[in-house]
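The next block holds one structure in the form of structure tokens; read it before the comments.
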Amino acid sequence: NSTATSSSNFAPVDEIGGSIEILQIEGEIPKDFPEGSNPLFGALHSTVSVFGESSEIWVEGEGMLHALYFTKTGSASSWSVSYDNRYVQSETLKIEQDRQKPCFLPAIEGDSAAIIVAYILNYLRFGKVNKNITNTNVFEHAGRVYAVAESHQPQEICIQNLETGNTWDIGGEWDRPFTAHPKVAPGSGELVIFGSDAKKPFLVVGVVSDDGTKLKHKVDLKLNRSTLCHDIGVTLKYNIIIDIPLTIDIGRLTTGGQLIEFEKEGYARIGIMPRYGDAESVMWFDVEPFCMFHLINCFEEGDEVVVQGLRSADSVIPGPRLNKQEILPERSELKKDGKAMKQGINEKLFSRLFEWRLNLKTKTVSGEYLTGTECSLEFPMINNHYTGVRHSYGYAQIVDSLTRSASSSEKVLPKYGGFAKLCLEERENTEVHIIDTQKFEGAPVAKITLPQRVPYGFHGTFVHNNIHGHV
Ligand SMILES: [Fe+2]
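If you read the sequence shown in my numbering, its first letter stands for residue 63, the second for the next number, and so on.
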């Protein structure tokens with residue numbers, strides 16, 4: 063059964079205890095891959111992941127860093143590749159390690175869907191389950207690399223050995239949740255951040271100096287409810303705030319006919335905030351309620367601000383007991399010219415590329431889907447040189463079945479895209495593919511087989527060692 067075999071890649075793996083050189087490479091790593099002297103290809107994965115069938119829950123897993131190092135050898139410009147992995151050494155992980163036992167129990171064996179759901183809601187609303195799970199993203203700012211989950215401040219990572227360094231609270235100025243998706247503002251190089259919380263202040267936006275040393279701006283947007291705000295946009299002049307209701311149709315998340323209703327909070331808004339604006343200067347545009355985790359990009363065009371993201375009409379926060387077949391059909395069904403999706407509930411849950419155009423002059427908003435219902439897209443990215451300005455290409459993972467194609471695309475360079483093909487069955491190897499993004503349909507330029515399976519996870523990044531930081 064495909065579900066059972068693929069679920070095996072939700073299982074955690076151990077630390078390998080040091081970097082291993084990889085010799086199993088098919089094809090050739092391009093001589094010009096990529097610019098920079100000694101880059102690292104890193105991805106952060108939760109050891110317990112979404113859609114798993116275990117009793118644990120995806121948001122709970124400790125963060126584990128998986129890194130692929132590309133090192134130029136000699137003058138021949140050939141590459142040596144090695145792989146390493148390491149848990150993010152969070153304070154809570156250290157406590158558990160010291161005591162040699164888990165102190166923070168999942169306590170969620172799924173007898174009661176209500177408990178699971180409460181847990182998910184806790185995480186989304188309060189930004190915390192009960193651990194500092196630094197398991198969501200890796201980002202670089204001002205030459206330093208951080209691992210982060212939105213419940214807690216980032217933790218600095220030494221990319222050479224994956225050791226965890228200090229918690230980054232920006233000189234003591236940021237004492238609250240920190241988004242997993244901060245954005246470097248075009249032009250200034252400042253880092254735009256936010257923290258959303260279950261208690262007031264619900265949403266605080268900050269601007270960090272381009273050198274990472276100072277919190278230049280910090281403002282409470284004075285929302286009167288907590289919001290499901292996972293991502294933030296930037297343009298040349300503005301910060302783009304996504305204020306969407308935390309609405310979960312729980313009936314969809316349970317099996318066995320159990321239906322739990324939550325009151326729907328009716329409104330959704332997109333806010334355009336001057337970079338150093340405040341609660342009063344945000345221009346809010348009311349939009350139809352929706353669910354969205356990730357923006358693709360935002361940019362200014364004439365009188366309009368264009369906001370692109372992966373939007374679904376309805377929320378889906380899958381829990382361990384989710385009946386996957388209720389959400390997405392099997393791949394074989396998809397091939398029947400998409401009919402399966404057009405029937406029933408599936409289409410509502412697909413996340414597709416959506417574009418809003420917010421007109422600053424007329425104060426009106428229009429929006430449309432730019433992709434169809436053939437497939438659901440997630441984990442989007444663009445070449446980040448275009449963050450905040452008009453881009454031409456976006457890249458995303460196609461989720462044609464939640465369990466069968468959960469491969470994870472990673473950082474996109476101007477010319478080459480990295481792509482981690484995660485194993486679908488227990489004995490299958492994890493491969494990293496290098497793809498020439500100008501010949502996207504072609505075969506990968508190189509296929510690198512990792513020495514150990516990498517479980518399904520969340521986001522990754524690509525950094526150049528010659529600008530990296532210091533723990
Ligand atoms: Fe994310």
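Just so it is clear, CB atoms sit at the ideal spot from N, CA and C, and this is done for glycine as well.
Straight-line gap, residue i to residue j (C-alpha atoms, nearest Å)
| i | j | result |
| --- | --- | --- |
| residue 80 | residue 258 | 36 Å |
| residue 211 | residue 91 | 32 Å |
| residue 233 | residue 245 | 19 Å |
| residue 525 | residue 132 | 11 Å |
| residue 352 | residue 456 | 21 Å |
| residue 76 | residue 135 | 29 Å |
| residue 450 | residue 223 | 32 Å |
| residue 423 | residue 452 | 20 Å |
| residue 332 | residue 141 | 45 Å |
| residue 514 | residue 288 | 40 Å |
| residue 425 | residue 519 | 39 Å |
| residue 503 | residue 260 | 44 Å |
| residue 286 | residue 124 | 32 Å |
| residue 241 | residue 256 | 6 Å |
| residue 302 | residue 146 | 36 Å |
| residue 275 | residue 216 | 14 Å |
| residue 444 | residue 493 | 22 Å |
| residue 239 | residue 277 | 15 Å |
Local conformation of residue i per DSSP, three classes
| i | result |
| --- | --- |
| residue 341 | helix |
| residue 243 | coil |
| residue 491 | coil |
| residue 356 | strand |
| residue 131 | strand |
| residue 436 | coil |
| residue 196 | coil |
| residue 514 | coil |
| residue 151 | coil |
| residue 292 | coil |
| residue 499 | helix |
| residue 526 | strand |
| residue 446 | helix |
| residue 329 | coil |
| residue 402 | Residue placement at residue 402 is poorly supported in this model, since its pLDDT is 40, which falls under 50; the coordinates still yield a value, given next. If DSSP states are grouped into helix, strand and coil, residue 402 belongs with the helices. |
| residue 95 | coil |
| residue 256 | strand |
| residue 380 | For residue 380, the predicted structure reports a pLDDT of 38, less than 50, and the residue's modelled location is therefore unreliable. The matter cannot be settled from this model. |
6 Å CB neighbourhood of residue i in its chain, flanking five on each side removed
| i | result |
| --- | --- |
| residue 86 | 511 |
| residue 273 | 204 |
| residue 345 | 334 |
| residue 263 | 282 |
| residue 266 | 257, 282 |
Cβ neighbours of residue i in the same chain (closer than 8 Å, five flanking residues each side left out)
| i | result |
| --- | --- |
| residue 356 | 243, 292, 293, 371, 372, 440, 441, 442 |
| residue 144 | 81, 82, 83, 84, 130, 131, 133 |
| residue 219 | 127, 150, 200, 207, 208, 209, 225, 226, 227, 533 |
| residue 433 | 414, 415, 439 |
| residue 430 | 416, 417 |
| residue 341 | 281, 282, 283, 284 |
| residue 299 | 336, 337, 362 |
Cβ shell of residue i (< 7 Å), same chain only, five flanking positions each side left out
| i | result |
| --- | --- |
| residue 368 | 360, 361, 417, 419 |
| residue 97 | Note on residue 97: pLDDT 48, under 50, position unreliable in the model; the coordinate value appears next. The answer is none, since no qualifying residue turns up. |
| residue 343 | 335, 336 |
| residue 506 | 89, 495, 496, 497 |
| residue 73 | 517 |
| residue 251 | 272 |
| residue 237 | 231 |
| residue 279 | 268, 269, 338 |
| residue 297 | 360, 361, 362, 367, 450 |
| residue 347 | 331, 332, 420, 427 |
Check: residue i C-beta below 7 Å from any heavy atom of ligand 1
| i | result |
| --- | --- |
| residue 34 | Lying before the first or after the last residue shown, residue 34 is absent from the chain, which here runs from 63 to 533. |
| residue 292 | yes |
| residue 214 | no |
| residue 359 | no |
| residue 196 | no |
| residue 453 | no |
| residue 199 | yes |
| residue 520 | yes |
| residue 355 | yes |
Contact with chain D by residue i, beta-carbon distance below 8 Å
| i | result |
| --- | --- |
| residue 511 | No chain D appears in this structure, which consists of one protein chain only. |
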